[in-house]
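According to the numbering used here, the sequence shown holds residues 10 to 237 in order. Even glycine gets a Cβ: it sits at the ideal position worked out from N, Cα and C. Everything on this sheet refers to the single structure shown next.
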Amino acid sequence: MVKKIDTLEGKTKSEKVYEFLRAKILAAEYKPGDRLIIREIARQLEVSDIPVREAIKKLTADGLLEIKSHSGARIAPFNIKNLEEMFLIRLELEPLATRLAAKSATSEEIMLLENLVLEMEQHLKNNDIEEYTHTNRAFHKQLYRSSHAPVLIEIIENLYLRSENSKSIFQHDPDRLLASNEEHLAIVNALKNKDEENASKLIYAQKEHGFKVVLNALKVSSQFWGEN
10 MVKKIDTLEG
20 KTKSEKVYEF
30 LRAKILAAEY
40 KPGDRLIIRE
50 IARQLEVSDI
60 PVREAIKKLT
70 ADGLLEIKSH
80 SGARIAPFNI
90 KNLEEMFLIR
100 LELEPLATRL
110 AAKSATSEEI
120 MLLENLVLEM
130 EQHLKNNDIE
140 EYTHTNRAFH
150 KQLYRSSHAP
160 VLIEIIENLY
170 LRSENSKSIF
180 QHDPDRLLAS
190 NEEHLAIVNA
200 LKNKDEENAS
210 KLIYAQKEHG
220 FKVVLNALKV
230 SSQFWGEN
């Protein structure tokens, strides 16, 4: 059953279609190489072809789609070399944003981060991996926004968008998720103490581990390889 986009208030039709398709791509409901049929999507979402075309154009600019002659829009394949480069950049920028957050986060922002950690803990108790994943994304987004460095935040979020669908190919390890959430709590405590060095080290170690897992999974799953 298709979720209608009319629940997304205050946005244009093309923005609604864009967010709908992006969510499906990041959730791996579409796989690399899958073709998107404009007329079919328009029919499913009860819109004209125009907002679908506009959304596809934006998703292509994001790097999530590619346009091939005579075959239209397809989900972009994973490119190992590109991902390695993006992860390398993220591994530098996300600790920097966390360091700045330890210096600049307000008490309200720290409280919000703490509440997100508690939400993730509850999702793990309920074995709700999907909700854990969504809340985890919200945690990191809020963490970096707490740096109050708008240019840095924009760059990180763009890199996240271009690389995060790569995580769709492996199953999450519940024990690793539990350890990861303990790391989240440690990061929040570092922010409370304005411990910039420790906050930066914690996020670096967490991201370094996560990126290695993703790249290793991609390299051993040749069916997901794109051009290298």
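Going along the chain, which residues of its own chain have a beta-carbon closer than 8 Å to the beta-carbon of residue i, five neighbours each way excluded?
i      : result
Ser80  : Arg44
Ile165 : Arg99, Leu102, Glu103, Ala106, Tyr153
Met95  : Leu168, Arg171, Ser172
Grab me the residues of residue i's own chain with a C-beta within less than 7 Å of its C-beta, minus the 5 sequence neighbours each way, in chain order.
i      : result
Ala111 : Ala199, Leu200, Lys203, Asp204, Glu205, Ala208
Asn135 : none
Leu211 : Glu192, Ala195, Ile196, Ala199
Gly72  : Ala85, Arg171
Glu173 : Leu35
Looking only at its own chain, which residues have a Cβ that is under 6 Å from the Cβ of residue i, when we skip the five neighbours before and after it?
i      : result
Ile162 : Tyr153, Arg154
Met10  : With a pLDDT of only 38 at Met10, under the threshold of 50, the placement of this residue in the model should not be trusted; the figure read from the coordinates follows. Once the five neighbours on either side are set aside, Met10 has no close Cβ partner at all.
Leu109 : Ser156, Ala158
Trp234 : For Trp234, the predicted model reports a pLDDT of 43, less than 50, meaning its position is unreliable; a value from the coordinates is still stated below. Hits under 6 Å: none found.
Leu224 : none
Which two residues bound the contiguous alpha helix (DSSP H) that contains residue i?
i      : result
Ala25  : Position check: residue 25 holds Lys in this sequence, whereas Ala was assumed. Unbroken alpha helix (DSSP H) run through Lys25: 22-35.
Ile165 : 159-172
Lys77  : From DSSP, Lys77 is part of no alpha helix (DSSP H) but of the beta strand (DSSP E) over 74-77.
Ile84  : Element bounds for Ile84: not the alpha helix (DSSP H) but the beta strand (DSSP E), 81-84.
Asn124 : 116-134
Lys67  : 58-71
Pro41  : No alpha helix (DSSP H) contains Pro41, which DSSP labels as neither H nor E.
Glu244 : Given that the chain is displayed from residue 10 to residue 237, the structure contains no residue 244 and the question cannot be resolved.
Since residue i and residue j are thought to touch, with beta carbons under 8 Å apart, how far apart are those beta carbons, to the nearest angstrom?
i      : j      : result
Tyr213 : Pro104 : 4 Å
Asn190 : Leu133 : 7 Å
Report yes if the C-beta distance between residue i and residue j is below 8 Å; otherwise report no.
i     : j     : result
Ile84 : Ile34 : yes
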